[in-house]
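All remarks here apply to the structure that follows.
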Amino acid sequence: MIGEVFTWLNDPAHWKDTRFDTGIATQLAAHVRFCAFALLVALIIALPLGLVIGHTGRGKWLIAAANTLRALPTVGVLVLLTVIIAPHFYGRTDTGYLIPTEIVLIVLAIPSILSNTFAGVENVDPAVRDAAEGMGMTGKQVLLKVELPCSLPLIFSGFRSATLQVIATATIASYLPLGGLGRFIYDGLAQQDFPQMIGGGVLVAALALVADLLLYLVQRYTVSRGLTGRFSKKRLPDPRLASVTQAEVAAI
Amino acid sequence: MIRFESVSKRYPDGTVAVDELDFVAPSGQITVLVGPSGCGKTTSLRMINRMIEPTAGRILIDDQDVTKVDAAQLRRGIGYVIQHAGLFPHRTIIDNVASVPYLLGTDKKQARARAMELIERVGLDPRFAKRYPSQLSGGQQQRVGVARALAADPPVMLMDEPFSAVDPVVRDQLQDEFLRLQSDLGKTIVFVTHDIDEAIKLGDQVAVLRVGGHLAQLATPAELLSRPVDEFVAGFVGRDRGYRALTFATVGELAVHDEQTVTMGAPVPSRADLDNWILVVDAANVPQGWLNLAELRPDHTTVTAEMLYRGGTLATQGGSLREALDACLSSPSGRGVVVDSDGTLLGSITAAEVLGLIEKRRPGAAAVTGSGSERR
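First to last, the sequence lines map onto chains A and B.
The first sequence begins at 1 in the working numbering and counts up by one.
The second sequence begins at 1 in the working numbering and counts up by one.
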């Protein structure tokens, strides 16, 4: 079985588009497009919102409200939205299906980005915030120069988990007549072509891992080492110890 | 100069944090606000840089009402040091120190050069500059906090319990260095602490506040110890205030006795002049500890470090009577060791002699008059 999956994945013919079938390369690109768009929109909505709620402490109910969105059954919402939206679009465009799909993915991505951003800002050491204000930073400066960089580890973890969820869930786009890697899963299931179905699943998982790795690399180079604790092994002698010995010497 | 004019802070729920506070913190001096928790000392401090706004009264810095200045601008001109340092965890030490100059738009290179200077000035290894706060101990972080507050060279500094979260040895060191720094810089400092000993050690003047934000007494440390105005201040200043007042009492030269010594590593002497205790010094004549000849074992032939009693403190010639008395009381031989300012041995003195000096001061000294300048 595993061998057949590999054969399916390795067949160059499956990667190229033909007159009748869309190949893996094109579906992969479509999948990435759906996900990237949804994640970008979710980030644009959730990041500033989370920062502002965390900074001002106002509107915390929005965080709770966003978290209840997680309870929505994705496929159910997709079908409902499609029924409402799709009839407004005619002709050969995908727009009528694309809009419900993206809405579902955006709604899926927002809670983890929003609540992690909020938690990141809220968890900034109050002494740090006090020092920042006390030295004369404006509210905006405190937010952008202190709270945002200090929240980055949590923001990244929220965004990464949103990314994984969105990549996995974007397969439902193929539940509607849209492309994406879900196509192979649904078609494989329908045609009892299990190598194709599993191959599609493997591709989704691989895409998720690659995306997570890329985000890890971005995180590594944007988050301050002071927050992650990745320091060089070289250690300075602790002057505190030295001073204790001095004090001991001073006392007979 | 910072002037409080009938400053009050009342919260909407009716609590009064500060009540009609009037005092002046003179330029170039350290004014310590001290009192039990809930006395409004931190609130008073935070009203100076408008972290909290007063509900009545005015606060003037050099005759400028603080509420008439933009809060952010005002704060950039006031050094601010807080209890847990509050360093920015995502910035290196040098960038932490340069924070205020960056805000003021100072050129990055120039700001960093200044920061580097300050890092060394507060007694940190320059190699720390590129490190992050989490790599530093609490005491080191607090030094960075002080350096950061000094970076834009503000005339006024506000310090809110800056040394209370570090261990006693480091705290003592930080206090000493802070005083040394202040004697160079001459900033106008308002310093908040709950520790009366710290207040007495650091303050040029000390304001004791009582719960509810009333000023109980504003006086020099020596005055506070010798003439507390009421029961509350007396109780707060503490029981052994008579002894602690000796901190501000100096006598010219202590008349010392010569003390028989033995050098570290030398053969153990067979007998001592006065009793079984003999003082051990190093090659530079710096006292190391006491040796008890009665306790020696046969295999003790030369003087080694582990044979020494190190419990005693040292009195410095020209220092306070408190130091001299403490040296006697803490010395296992009963003889207090007196050293000069380099730490080399001058001789010893007994508790009876120090008490004699204390007695002698009494008639002319109805009060222990001392000022900050007598402080060592």
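All residues carry an ideal CB built from backbone N, CA and C; glycine is no exception.
None of the values given here were measured: they were computed from a predicted structure.
Count the CB pairs spanning the region 207 to 214 of chain B and the region 45 to 53 of chain B that are closer than 8 Å, and state whether there are at least three.
-> No, the region 207 to 214 of chain B does not touch the region 45 to 53 of chain B.
Does DSSP put B/Asp-160 in a helix, a strand or coil?
-> DSSP places B/Asp-160 in strand when its eight states are reduced to three.
Determine, using beta carbons only, whether B/Leu-87 comes closer than 9 Å to chain A.
-> Output row for B/Leu-87: interface = yes.
A/Asn-217 to A/Phe-156 span [Cα, whole Å] = In the sequence as displayed, the identity of residue 217 of chain A is Leu instead of Asn. The straight-line gap from Cα to Cα measures roughly 11 Å.
Given a threshold of 16 other Cβ atoms within 10 Å of its Cβ, counted over all protein chains shown, does B/Arg-143 qualify as buried or as exposed?
-> Label assigned to B/Arg-143: buried.
Determine whether the Cβ of A/Ser-224 lies closer than 9 Å to any Cβ atom of chain B.
-> Output row for A/Ser-224: interface = yes.
Should A/Phe-20 be labelled buried (16 or more other beta-carbon atoms within 10 Å of its own) or exposed?
-> Answer is exposed; the Cβ neighbour count stays below 16.
Whose CA, out of B/Gly-86, B/Val-24 and B/His-90, lies closest to the CA of B/Arg-58?
-> Ranking B/Gly-86, B/Val-24 and B/His-90 by Cα distance to B/Arg-58 puts B/Val-24 first.
Which of helix, strand or coil does DSSP assign to B/Arg-127?
-> Look at B/Arg-127 here: in three-state DSSP terms it is helix.
Report all residues from its chain with a CB closer than 8 Å to the CB of B/Glu-259; omit the five preceding and five following residues, and keep chain order.
-> Around B/Glu-259: Leu-279, Arg-335, Val-337, Leu-345, Gly-347 and Ser-348.
Quick one: which residues of the region 29 to 59 of chain B get their C-beta closer than 9 Å to a C-beta of chain A? List them in chain order.
-> Under the 9 Å Cβ criterion, the region 29 to 59 of chain B contributes Arg-46, Asn-49 and Met-51.
Cβ pair B/Asp-19, B/Gly-40 closer than 9 Å | Their beta carbons are under 9 Å apart, which means B/Asp-19 touches B/Gly-40 by this criterion.
How should A/Trp-8 be labelled, buried or exposed, when 16 other C-beta atoms within 10 angstroms of its C-beta is the threshold for buried?
-> A residue is called buried once 16 or more other Cβ atoms fall within 10 Å of its Cβ, and A/Trp-8 is buried on that count.
Looking at chain A, which residues of the region 79 to 103 of chain B have a Cβ within less than 8 Å of any of its Cβ atoms?
-> Those would be Tyr-80, Ile-82, Gln-83, His-84, Ala-85, Gly-86, Leu-87, Phe-88, Pro-89, His-90, Arg-91, Thr-92, Ser-99, Val-100 and Leu-103, in chain order.
Curious, which full-length alpha helix (DSSP H) runs of at least 4 residues does the region 33 to 81 of chain B contain?
-> As far as the region 33 to 81 of chain B is concerned, its whole alpha helix (DSSP H) runs of at least 4 residues are 41 to 48 and 71 to 76.
Which residues, in order along the region 146 to 162 of chain A, keep a beta-carbon less than 7 Å from a beta-carbon of chain B?
-> Those would be Val-146, Pro-149 and Cys-150, in chain order.
Compare the C-alpha of B/Gly-393 against each of B/Ile-82, B/Ser-27 and B/Val-303 and name the closest.
-> In this structure chain B extends from 1 to 376, so residue 393 of chain B is not present and cannot be described.
If you follow the beta strand (DSSP E) that B/Pro-12 is part of, which residue opens it and which one closes it?
-> Going by DSSP, B/Pro-12 is part of no beta strand (DSSP E) at all; its letter is neither H nor E.
Rounded to a whole number of angstroms, what is the C-alpha to C-alpha distance between B/Val-233 and B/Ala-315?
-> Looking at the two C-alpha atoms, the distance is approximately 30 Å.
Minimum Cβ-Cβ distance from B/Arg-131 to chain A less than 9 Å = Cβ-Cβ to chain A under 9 Å: yes for B/Arg-131.
State the start and end residues of the unbroken alpha helix (DSSP H) segment that holds B/Gly-356.
-> Run containing B/Gly-356: 351 to 361, per the alpha helix (DSSP H) assignment.
Minimum Cβ-Cβ distance from A/Gly-136 to chain B less than 9 Å = Yes - at least one Cβ of chain B is within 9 Å of the one on A/Gly-136.
Evaluate contact between the region 76 to 86 of chain A and the region 96 to 111 of chain A, counting only Cβ atoms and requiring at least three cross-stretch pairs below 8 Å.
-> Touching, yes, given that three or more Cβ pairs across the two stretches are closer than 8 Å.
Tell me which same chain residues have a C-beta within less than 6 Å of the C-beta of B/Arg-241, skipping the five on either side of it?
-> Only Leu-225 meet the Cβ criterion.
Beta carbon of B/Gly-79, beta carbon of B/Pro-168: below 9 Å?
-> Annotated as distal: B/Gly-79 and B/Pro-168, with beta-carbon spacing of 9 Å or more.
Any idea if B/Ser-373 is buried or exposed, counting beta-carbon neighbours within 10 angstroms, 16 or more meaning buried?
-> Note that B/Ser-373 scores 43 on pLDDT, short of 50, meaning its location in the model is unreliable and no value can be drawn from it.
Is there at least one Cβ from chain B nearer than 9 Å to A/Val-303's Cβ?
-> Since the first residue shown for chain A is 1 and the last is 252, residue 303 of chain A is missing from the structure and cannot be characterised.
What is the residue span of the beta strand (DSSP E) that A/Ile-155 lies within?
-> Per DSSP, A/Ile-155 lies in no beta strand (DSSP E); the unbroken alpha helix (DSSP H) holding it starts and ends at 148 to 169.
Are there 16 or more other CB atoms within 10 angstroms of the CB of A/Trp-61, so buried, or fewer, so exposed?
-> A/Trp-61 is exposed by the Cβ-count criterion.
Determine, using beta carbons only, whether B/Ala-71 comes closer than 9 Å to chain A.
-> Chain A contact via Cβ: present.
Please decide whether B/Gln-64 counts as near chain A, where near means a Cβ-Cβ distance under 9 Å.
-> Put simply, the CB of B/Gln-64 is far from chain A, with every gap to its CB atoms at 9 Å or more.
B/Pro-287 by DSSP, collapsed to three states: which one?
-> The answer is strand: DSSP assigns B/Pro-287 an E or B state.
Could you spell out the range, first to last residue, of the beta strand (DSSP E) harbouring B/Phe-191?
-> Its beta strand (DSSP E) spans residues 188 to 193.
Return the chain-ordered ranges of every alpha helix (DSSP H) run that is complete within the region 221 to 249 of chain B and spans a minimum of 4 residues.
-> Runs of the alpha helix (DSSP H) spanning 4 or more residues and lying entirely within the region 221 to 249 of chain B occur at 221 to 226, 231 to 237 and 241 to 245, in chain order.
So is B/Gln-64 buried or exposed if we call it buried at 16+ other beta carbons inside 10 Å?
-> Burial call: exposed.
Alpha-carbon to alpha-carbon, B/Arg-75 and B/Val-7 | Each residue's alpha carbon lies about 19 Å from the other.
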